[in-house]
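Worksheet for the structure shown next.
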Amino acid sequence: MKIATPAIGLVIKTLVMAAAISSALALDIKTGPYASNLTPTRDHSLGLKQVLFIRTQFPDLPTSKRQADCQTVMEQVRQRYVRFSYGRTDMNVTVTAVTYMMPHPSTYYATQRNLEVCLTALMNDAVAAASADYPVDQTGGSYDFVGDYFPPIVGQVGSESWASFGTKWFWINQGGTDQGLNPRIIGHEMGHAYGSHHASLWQTSDGDPVSATGKLVEYGDTYDQMAAAGGSTQPYIDFNPWVKWHFGWIDDAQVAIVTAPGTYQFRIFRFDSATATGLLAIKIPRGDGSNYWIGIRRNWVTKPLEMTGAYIIWGYDVLAHNSALIDCNTPGSNISDSALQVGQTLNDAPHGITITPLAIGGNDPNQYMDVQVTTLFTQVTVQTNPAGLTFTVDGSTYAAAQTFSWDSGSSHTIATISPQSGGTGVRYVWKNWSGGGAISHSVAPTTNKTYTANFGTQYYLTMSHNTGSTVTPASGWKASGATISISATPSSLYHFTNWLGTGSGSYTGTNNRASITMGGPITETATFTHN
Ligand SMILES: [Zn+2]
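For what it's worth, numbering that gives the first Met the number 0 labels the leading residue of the sequence shown as 0, then goes sequentially.
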């Protein structure tokens, strides 16, 4: 499996401190073999995964945990993931037979200059040791996921567990008697490696569950695998439908998406059963990159209102984002009554959305809920390709993708300007709008839509020469990738010597007819010598 190494990434740690939960910390891992991948594809989370769990210890810090201890817990993790995914992912787990002795004492790793360096050093040495016996290397080798298990050290890793988002890599380093050998902790860290961020809570203080003045409380959705591992002691936890859909565990066809204003009724089935089938979630775009995801849980027997209501979160267009649980009742106090009950209505007036559970029914494990959704506005996104160029909507100017909530069928003017500068020697020229239309035109969408202004790139070709001749073509803007023939014609008293070219695709040499390719701004200078 390919390892992506994008420029930025996240490493996410789990804080487990008895019952207390600290605020969350996240770190960018920008480079190296364990750099995060913020956009993992579905194949990363689907199918049978080969997992290597590398047991390590330090010269100054031995482990008391045996191979069998690890195997027992990893089997519990495996069973959870099979349940979470309706059997769409599974794990073939190898726990190393040997506890590898790291080449340095624990203090060496704990005192590296930052967490990224510390985690990289730990994994480098764990992989190097295990590679003597298993087909593993810094690409993961034959493995889809690789965990480094070591006795709890502090310093940079802070006696906490970590994972690199959307990659193969996780580090289990936890205090307490189980020292991280716990399916909550390993399952959580592997959740990050699979590509989930934290399950959080939208906490408001004005009585409105979806108040814009609320704030995101990281880890606050304790119904979820990706909340604080310390809070998820019950076996009822699961991933939310948004993440499951991203992972490919829920099909596109199992998500009802509201794409136009209107009143709709859907029957959804519980998503937290290993045998869940049918429609499992409703997605309602809010127009700002967030979406309502509505599902029903029927596993949480210790939370009666969760057993009868709708579980509602905001999931995002971007996977590498925390989800946000909506606490529909007494928002701001506790989330035991977060679920929206039959007959209640959640009203998100600024976004023109209401959600009303109408009825529940069905027998275990096929419980269902009928939900009515009303939306007033079309959600319209306007953007440019390449991103970041200037456009206007109804006369207002924007320089980044923008989403609008409009009354269905209302008329609006989208426009852009051309050309636009991309810096010295670079400009962008408008080609078309997705969906057609002139550079400035009116639209009146009745369904959710994205309008993209597409631009072509041009580079400036500077042609120059010293005395005694002419060159062709003249200086000017050329399309990116265009092939241009250049030539130099000496006057009668001169002869051509050479071209000196600078820029991607330029020509330097003694042929007076040559070809260049516009890979960037180019300057070509012809030199002529007096006879
Ligand atoms: Zn975490």
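Using N, Cα and C, we set each Cβ at its ideal position, and we do this for glycine too. No experiment lies behind these values; they were computed from the predicted model shown.
Check	Outcome
I'd like to know if the region 520-530 and the region 455-463 are in contact, where contact means that at least 3 CB-CB pairs between them fall below 8 Å.	yes
Which residues in the same chain as Y397 place their Cβ atom closer than 8 Å to its Cβ, once the five residues preceding and following it in sequence are excluded?	V381, T389, F390 and T391
Answer yes if the region 96-116 comes into contact with the region 151-171, meaning at least three C-beta pairs across the two stretches below 8 Å, and no otherwise.	yes
Rounded to a whole number of angstroms, what is the C-alpha to C-alpha distance between R280 and I249?	Sequence inspection shows Ala at residue 280; the Arg mentioned does not correspond to that position. Cα-Cα distance, rounded: 9 Å.
Quick check on S105: does DSSP put it in helix, strand or coil?	helix
Give the secondary structure of Y80 by DSSP, where H, G and I count as helix, E and B as strand, and everything else as coil.	helix
What span of residues does the beta strand (DSSP E) with A162 cover, start to end?	S160 to S163
Measuring straight from C-alpha to C-alpha, what distance separates V72 and N181?	6 Å
Bridge partners for E523 per DSSP, in chain order?	M462 and G500
What did DSSP end up calling Q371 once you bin it into helix, strand or coil?	strand
Under a three-way DSSP split, which group does G518 fall into?	coil
Can you tell me whether H187 sits near ligand 1, meaning its C-beta is under 7 Å from at least one heavy atom of the ligand?	yes
Enumerated in chain order, which unbroken segments of the alpha helix (DSSP H) with a length of 4 residues or greater are wholly contained in the region 207-275?	240-246
So does H197 have its beta carbon nearer than 7 Å to some heavy atom of ligand 1?	yes
Between the alpha carbons of T119 and I28, how many angstroms are there, rounded?	9 Å
Quick one, are the C-beta atoms of G247 and R87 less than 8 Å apart?	yes
Using alpha carbons as the reference points, say which of R65, T276, S289 and E305 lies closest to G179.	R65
According to DSSP, is D42 helix, strand or coil?	helix
How many Å lie between S417 and D393 at the Cα?	18 Å
Just checking my contact of I236 with Q224 at CB under 8 Å: how many whole Å lie between their CB atoms?	5 Å
Taking the alpha carbon of L37 as the reference point, which residue from N321, D132 and H187 has its own alpha carbon closest?	N321
D89 to Y263, Cα distance in whole Å?	36 Å
At a cut-off of 7 Å, is H320 close to ligand 1 when judged by its beta-carbon and the heavy atoms of the ligand?	no
Which class does A129 belong to by DSSP, given the choice of helix, strand or coil?	helix
Suppose you measure from the CA of E531 to the CA of K430; what does that come to, to the nearest Å?	What is shown of the chain runs 0 to 530, which leaves residue 531 out entirely.
Please return the same chain residues whose Cβ sits closer than 6 Å to the Cβ of P134, not counting the five positions on each side in sequence.	G140 and S141
Determine whether the beta carbon atoms of L375 and A338 lie at a separation below 8 Å.	no
Have a look at A131 and Y99 and give me their C-alpha separation to the nearest angstrom.	10 Å
Whose C-beta lies closer than 6 Å to the C-beta of K243 among residues of the same chain, with five residues either side of it excluded?	I249
Let me check one thing: in DSSP terms, what residues is M100 bridge-paired to?	Q56
In whole angstroms, give me the CA-to-CA distance for S22 and P58.	Caution applies to S22, whose pLDDT of 30 falls short of 50 and renders its modelled position unreliable; the value that the coordinates give is listed next. Their backbone Cα atoms lie some 32 Å apart in a straight line.
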